[in-house]
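K.L.:
Take any residue in the sequence shown, note its place counting from 1, add 101, and you have its number in this note's numbering. Got a structure for you, questions after.
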Amino acid sequence: MGSKRCGEGIRERDRTMTTWITICDTCRYAGQEGADLRRTDGERLAELLERRAAGTAVKTRRVSCLMGCAHGCNLTVQAAGKISYVIGRFAPEADAADAIIRYAELHARSESGQVPYRQWPEGIKGHFIARLQPLPEDG
Ligand code: FES
Numbered sequence: 102m103g104s105k106r107c108g109e110g111i112r113e114r115d116r117t118m119t120t121w122i123t124i125c126d127t128c129r130y131a132g133q134e135g136a137d138l139r140r141t142d143g144e145r146l147a148e149l150l151e152r153r154a155a156g157t158a159v160k161t162r163r164v165s166c167l168m169g170c171a172h173g174c175n176l177t178v179q180a181a182g183k184i185s186y187v188i189g190r191f192a193p194e195a196d197a198a199d200a201i202i203r204y205a206e207l208h209a210r211s212e213s214g215q216v217p218y219r220q221w222p223e224g225i226k227g228h229f230i231a232r233l234q235p236l237p238e239d240g
């Protein structure tokens with residue numbers, strides 16, 4: 102009792118080093134509502150992000166609705182034990198996906214999750230909606 106199995110510590114370390122982007126796949130970008138009924142803007146942005154995240158320290162997942170529908174496309178940038186961010190108002194375009202992935206890579210490299218403003222990719226500026234502090238470790 103109380104002892105760790107072989108490899109358990111390594112898995113925990115790997116988990117905390119990964120930054121996750123959670124993408125809302127039901128979002129519509131402002132002004133584009135109903136423009137393409139076959140795929141949502143959120144799905145289009147998710148596809149771009151999934152392709153760009155390959156081979157980086159960033160992982161992606163999709164959810165349907167982050168409850169910020171009025172300012173889609175929305176996503177979160179999170180990692181265990183770090184400050185998390187809700188960001189939105191993204192068009193489902195390559196430039197936006199590039200900026201999001203570059204920012205998430207900086208988040209992954211940051212011990213606290215905080216990225217100095219001078220390092221922010223231009224395409225991320227003006228898109229922050231909320232910042233969430235990590236939960237206390239004993240919580
Ligand atoms: S549909 Fe994307 S936040 Fe609600």
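For every residue, glycine included, the Cβ atom is placed at its ideal position computed from N, Cα and C. Note that the structure is a prediction, hence the values are computed from the model and not measured.
By alpha-carbon positions, which one of Arg232, Cys174 and Cys170 ends up nearest to Ser185?
P.N.:
Checked all of Arg232, Cys174 and Cys170; the closest Cα to Ser185 is Arg232.
K.L.:
Please classify Tyr218 as buried or exposed, where buried requires at least 16 neighbouring CB atoms within 10 angstroms.
P.N.:
Exposed, by the Cβ-count rule.
K.L.:
Can you check which of these residues, Thr123, Leu150, Val159 and Glu148, is closest to Met168 by C-alpha distance?
P.N.:
Comparing Cα positions, the closest option is Thr123.
K.L.:
Under 7 Å Cβ to Cβ from Arg163, same chain only, skipping five residues before and after it: list those, please.
P.N.:
Hits under 7 Å: Ile124, Asp126 and Ala147.
K.L.:
Compare the beta carbon distance of Gly143 and Gly189 with 8 Å and say whether it is the shorter of the two.
P.N.:
Not in contact: Gly143 and Gly189 (Cβ atoms no closer than 8 Å).
K.L.:
If we ignore side chains and look at the alpha-carbon of each, how far apart do Gly227 and Glu238 end up?
P.N.:
When rounded, the distance between both Cα atoms is 31 Å.
K.L.:
With respect to the alpha helix (DSSP H) encompassing Arg145, which residues constitute its N-terminal and C-terminal limits?
P.N.:
Segment Asp142 to Ala154, the alpha helix (DSSP H) holding Arg145.
K.L.:
Just list the residues that DSSP pairs Arg232 with in beta bridges.
P.N.:
Tyr186.
K.L.:
Please go through the same chain and pick out, in chain order, the residues whose beta-carbon is closer than 7 Å to the beta-carbon of Arg152, but skip the five residues on each side of it.
P.N.:
Around Arg152: no qualifying Cβ.
K.L.:
Just to confirm the assignment, what range does the beta strand (DSSP E) spanning Arg162 have?
P.N.:
Segment Val159 to Val164, the beta strand (DSSP E) holding Arg162.
K.L.:
Helix or strand or just coil, what does DSSP make of Cys128?
P.N.:
Coil.
K.L.:
Report the rounded CA-to-CA distance for Ala209 versus Val178, giving the unit in angstroms.
P.N.:
Near 9 Å, if we compare the C-alpha coordinates of Val178 and Ala209.
K.L.:
Can Thr127 be considered in contact with ligand 1, in the sense that its beta carbon sits closer than 7 Å to one or more heavy atoms?
P.N.:
Yes; taking the cut-off as 7 Å, the Cβ of Thr127 has a heavy atom of ligand 1 nearer than that.
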